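Residue numbers (UniProt numbering): 1 to 130.
Report on the structure given below.
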Amino acid sequence: MSNTITLSYTNDFKPINNHIPSAQSLRIHCVSVRFNKEELAILNKNRGDKSKGEWLRLTSLDRLPPVVPAINVETWKSLSDISQKLNRLINHLDTKSSNSELTKTEIFAVKKQIKELRSCLTASADLPAM
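Written out as structure tokens, the structure is:
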């Protein structure tokens with residue numbers, strides 16, 4: 001029995017300029033920078049899961065990926081509930097015969113769900129993400 005452990009490593013960093021041949025895209029220049037405690041804390045907070053060097057390089061080249069906001073859970077639940085209600089209404093309306101008109105109750109239910117959906121969508125734009 002062997003006590004050898006094999007580890008594999010994949011480099012998923014891609015060169016910023018894909019049109020440059022690989023010999024020219026090799027990073028051979030080094031820049032050193034010093035931070036005080038407060039500046040380093042800000043850097044660490046902003047860089048997220050990226051390494052300090054990678055984050056500084058991406059920032060200086062304006063190549064940071066866009067920040068996706070967190071999902072507002074309450075709005076998500078409300079939209080899901082409204083979606084289910086609208087689907088039930090649509091299924092009900094689909095089962096009606098083609099020549100029968102909508103009843104006042106059905107029209108009221110559709111209007112109410114649309115109003116709820118509109119309210120939820122406009123409120124979600126104003127609420128901070130959770």
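C-beta atoms are modelled at their ideal positions from N, C-alpha and C, and glycine is treated no differently.
Every value quoted in this text rests on a predicted model; they were computed, and no experiment measured them.
| Per DSSP, what kind of secondary structure is T122 in: helix, strand or coil? | Along the sequence shown, read from residue 1 onward, the residue named residue 122 stands at position 122. It is helical.
| field | Inter-residue spacing [alpha-carbon to alpha-carbon] between K96 and S80 | value | Here the question's residue 96 lines up with position 96 in the sequence shown. Here the question's residue 80 lines up with position 80 in the sequence shown. Each residue's Cα considered, the two are about 25 Å apart.
| query | Taking contact to mean at least 3 C-beta pairs separated by less than 8 Å, is the region 109-126 in contact with the region 78-93? | reply | yes
| message | Just to confirm before moving on: does the CB-CB distance between C30 and I82 stay below 8 Å? | response | Within the sequence shown, residue 30 is the residue found at index 30, counting from 1. Within the sequence shown, residue 82 is the residue found at index 82, counting from 1. Contact: no.
| Span of the alpha helix (DSSP H), counted from its first residue to its last, around S32 | Looking up residue 32 in the sequence shown gives position 32. Per DSSP, S32 belongs to no alpha helix (DSSP H) and is neither H nor E.
| said: Which residue marks the beginning of the alpha helix (DSSP H) containing D94, and which one marks its end? | reply: Stepping through the sequence shown from its first residue, residue 94 is reached at position 94. Its alpha helix (DSSP H) spans residues V73 to T95.
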